[in-house]
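Counting from 1 along the sequence shown, just add 3 to a position and that's the residue number in UniProt numbering.
Built from N, CA and C at the ideal position, the CB exists for glycine as well.
None of these values were measured; they are calculated from a predicted model.
Beneath this line is the structure, given in structure tokens, with notes to follow.
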Amino acid sequence: LPKLFIFDLDGVITDTAEFHYLAWKKLGEKLGVSIDRNFNEQLKGISRMESLERILALDPSLSLSEEEKEILATDKNEYYKQLIETVNEEQTLPGVEVLLQTIKENNIKIALGSASKNASMVLEKLGLTNYFDYIVDAAKVKKGKPDPETFTTAADALSIAYPDCVGIEDAAAGVHAINDANMFSVGVGSMDHLAKANFVVHDTSKLDFEEIVQHFSNWKK
Ligand code: BG6
Ligand code: MG
């Protein structure tokens, strides 16, 4: 069996990936750049400032000072915080809590591997904090996804070897990070973006403990 499951938060545990998208879209409208769902795939899993840089790069005429960038990033976060006000215990995505319970029943550790500064707050709103043995958020890492640091930090904190870990992600950058950490990667979403994952499910309702473990065992051989 794996010894540690590391969950991404936004888009895996709850649908806050949609709220990040809507908040960036609103900021984009203010800047006169349109952000569609396809471009948004490149923002998933990426830190707030790096996401802003990628958006600003869409329009080379937008050259802003660091101070102006800070203000825009804060604006986006304000939009985002308004959107997550409604997040409550009913908004955990289908299948996720059953998976968390099953992992616990098997005496396997659980960590969070999120790029978000809002991660602990969202986990609290969902009432899921108690499942987690360790939380990695934006404050704990120097290099964000696709760098493996988010995932290796969780494994190191719990003294677990990387190939004994399973990482679950909805972002291409996250899958990349898990693979580079030499952990088993589970992608949640479309093959179009997650083809590099060791195992892909269409949505969280398809996250089955036995099936993940089966694929993990084959990968380890
Ligand atoms: C990641 C999201 O989890 O967190 C990204 O996938 C987001 O979309 C990033 O930009 C940073 O979040 P925050 O809450 O610190 O702005
Ligand atoms: Mg995500």
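Burial check for L4: the Cβ neighbour count within 10 Å stays below 16, so the residue is exposed.
Between the ligand BG6 and the CB of L61, the shortest heavy atom gap is not smaller than 7 Å. A Cβ-Cβ contact shorter than 8 Å links I58 with I38.
Look at the segment 22-86 and you find these whole runs of alpha helix (DSSP H), each 4 residues long or longer: 40-43, 51-59, 69-86.
Going by beta carbons, T156 and V139 fall inside the 8 Å limit. Rounded to the nearest whole angstrom, the CA to CA distance from Q217 to E81 is 42 Å.
For the ligand MG, a non-hydrogen atom lies closer than 7 Å to the CB of D13. Under the DSSP assignment, S188 falls in the beta strand (DSSP E) whose first and last residues are 187-191. Each residue's CA atom was taken as its position, placing K209 and G98 some 7 Å apart.
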